[in-house]
Amino acid sequence: MFKNAIFIFITLVLVSCSKDPVPKPYGELRLEYPAPKYQKFENNCAYTFEYSDFAKIADAKRPCWYYLNYPKMKAKIFVTYYPIQNDFAAHIREAEKMVYEHTIKASAIDTKSFEYPDKKVYGNFYELKGQSASNLQFYITDSTKHFVTAYLYFNTRPKPDSLAPAVDYIKNDMKHLLDTFEWKN
Numbered sequence: 002m003f004k005n006a007i008f009i010f011i012t013l014v015l016v017s018c019s020k021d022p023v024p025k026p027y028g029e030l031r032l033e034y035p036a037p038k039y040q041k042f043e044n045n046c047a048y049t050f051e052y053s054d055f056a057k058i059a060d061a062k063r064p065c066w067y068y069l070n071y072p073k074m075k076a077k078i079f080v081t082y083y084p085i086q087n088d089f090a091a092h093i094r095e096a097e098k099m100v101y102e103h104t105i106k107a108s109a110i111d112t113k114s115f116e117y118p119d120k121k122v123y124g125n126f127y128e129l130k131g132q133s134a135s136n137l138q139f140y141i142t143d144s145t146k147h148f149v150t151a152y153l154y155f156n157t158r159p160k161p162d163s164l165a166p167a168v169d170y171i172k173n174d175m176k177h178l179l180d181t182f183e184w185k186n
């Protein structure tokens, strides 16, 4: 009887110590994008810049407002233009308000100021980390006549790990846009 109890105990221990099957987590595809080729954006507005041929430009609600659509990434950069009419401080406040409205979901906001005095181009570039609805934003101004803002949005739920390759690609495009941005005067 004692031998049978030990045999049953050892059998139960060996059977019960097996690992439970664990399903593999849902995976995302690794996305790689082509090297950008830049083209100049010409318009009837007060500014020009270069943008990636991976993006398509579409008119928005008002004159001099545009969407830079990245259809394969389901992403969109919304570009707005405002003439400054004794309301420069209000434009700065509004641009910063758009950034800091995302503090609820953003885990960090990295702000970089830039200036190109020879082109009279000044502004701030914001990178929002975490599950923010808008990952990248900036404003550009000459501080006397013109004010431009841009916001990146994805047509999907914010998933930082999944969107990281697309955000990095578009971040480089936005930096190139800033580097090539010029006022027409």
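Read in order, the letters of the sequence shown are residues 2 to 186 in this note's numbering.
Idealized CB from N, CA, C, for every residue including glycine.
Predicted, not measured: the structure shown is a model, and the values here were computed from it.
Extent of the continuous alpha helix (DSSP H) to which residue i belongs
i      : result
Tyr-82 : Tyr-82 -> not in any alpha helix (DSSP H); beta strand (DSSP E) instead, spanning 76-84.
Other residues of its chain near residue i: CB distance less than 6 Å, five sequence neighbours each side excluded
i      : result
Lys-1  : As displayed, the chain neither begins before 2 nor continues past 186, which places residue 1 out of reach and without an answer.
Glu-97 : none
Same chain, Cβ closer than 7 Å to residue i, neighbours up to 5 away in sequence not counted
i       : result
Glu-43  : Thr-49
Glu-177 : A small fix is needed here, since residue 177 is His in this sequence, not Glu. Within the same chain, His-177 has close Cβ partners Tyr-39 and Glu-51.
Lys-185 : Ala-47, Tyr-48 and Thr-49
Beta strand (DSSP E) segment containing residue i, residue limits
i       : result
Phe-89  : Per DSSP, Phe-89 belongs to no beta strand (DSSP E); it is in the alpha helix (DSSP H), 89-101.
Asp-143 : It is not in any beta strand (DSSP E) - Asp-143 carries neither H nor E in the DSSP assignment.
Ile-58  : 57-60
Ile-110 : 107-117
Lys-130 : 122-131
Ser-53  : 48-53
Of the residues the options, the one placed nearest residue i, counting alpha carbons only
i       : options                              : result
Leu-137 : Asp-119, Tyr-170, Lys-121 and Tyr-52 : Tyr-170
Thr-181 : Asn-125, Thr-157, Lys-120 and Ile-85 : Lys-120
His-147 : Met-74, Ala-165, Glu-183 and Ala-109 : Glu-183
Leu-69  : Tyr-154, Ser-108, Asn-5 and Lys-98   : Tyr-154
Lys-106 : Tyr-82, Glu-116 and Gln-132          : Gln-132
Ile-78  : Lys-4, Lys-160 and Thr-150           : Thr-150
Tyr-140 : Asn-5, Pro-24 and Met-99             : Met-99
Beta carbon of residue i nearer than 9 Å to that of residue j
i       : j       : result
Thr-104 : Tyr-127 : no
His-92  : Thr-145 : no
Neighbourhood of residue i by C-beta, 8 Å cutoff - its chain only, sequence neighbours within 5 removed
i      : result
Ala-76 : Asn-70, Leu-153, Tyr-154, Phe-155, Asn-156, Ala-167 and Ile-171
Pro-72 : Lys-57
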